[in-house]
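K.L.:
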Amino acid sequence: MMEQVPGALGSSASLALRLGQTIFACASLLFMCLDVEFYSYTSFSYLVTVMGLVTPWSLSLALVDAYSVFIKCLPRQPRVLLIVIVGDWALSFLSLSAACSTASVTSLLVKAGCPSKLCSGYQLSAAMAFLSWFLSFASTLSNLWLLPSL
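The sequence shown maps to residues 1299 to 1448 in my numbering.
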């Protein structure tokens, strides 16, 4: 009998983490896309691309978690878990780099005299990206903790 690691794939905590990732990634996209001028900055386009990848990844794994929680069938094949860990890890680092680059460019824009409404949207988008990264990294660590026991 395998122990149940909180936040590991197939648990209710993982479902909550995945839904949080999806919500924060969508919020980051929403706040960034409220302004049509974000394409003029590479880091903003990078954030939109990464959050566009995080959203379907997290949503599809949330569906797997929901199925596992409600049907009580845990997906514990080592290859599946390894794919989830590698995907989470890659998207986690991409999310962190996109959030950091967006925050730094927004900081420079604020110092240069950016209109407050415009820059507040960019700041909120970066904050939502950081929250999405935090939840993604937490689920990566939970699944990584489970991997040796398989």
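Note that CB positions come from ideal geometry on N, CA and C, so glycine has one too.
How far does the alpha helix (DSSP H) with C1331 in it extend, from its first residue to its last?
P.N.:
First-last of the alpha helix (DSSP H) with C1331: S1310 to C1331.
K.L.:
What do you reckon, are the CB atoms on S1437 and G1305 nearer than 8 angstroms?
P.N.:
It is a contact, given that the beta carbons lie within the stated cut-off.
K.L.:
Is it true that the CB of L1429 sits closer than 8 angstroms to the CB of C1417?
P.N.:
Going by C-beta atoms, C1417 is not nearer than 8 angstroms to L1429.
K.L.:
Ends of the alpha helix (DSSP H) at Q1421?
P.N.:
It spans S1414 to L1444 - the alpha helix (DSSP H) in which Q1421 sits, taken as one unbroken run.
K.L.:
Give a yes or no on contact between the stretch 1363-1372 and the stretch 1307-1322, applying the rule of three or more CB pairs nearer than 8 angstroms.
P.N.:
Yes: at least three Cβ pairs fall under 8 angstroms.
K.L.:
Buried or exposed, going by whether 16 or more other CB atoms sit within 10 Å of the CB of S1447?
P.N.:
Its Cβ having fewer than 16 others within 10 Å, S1447 is exposed.
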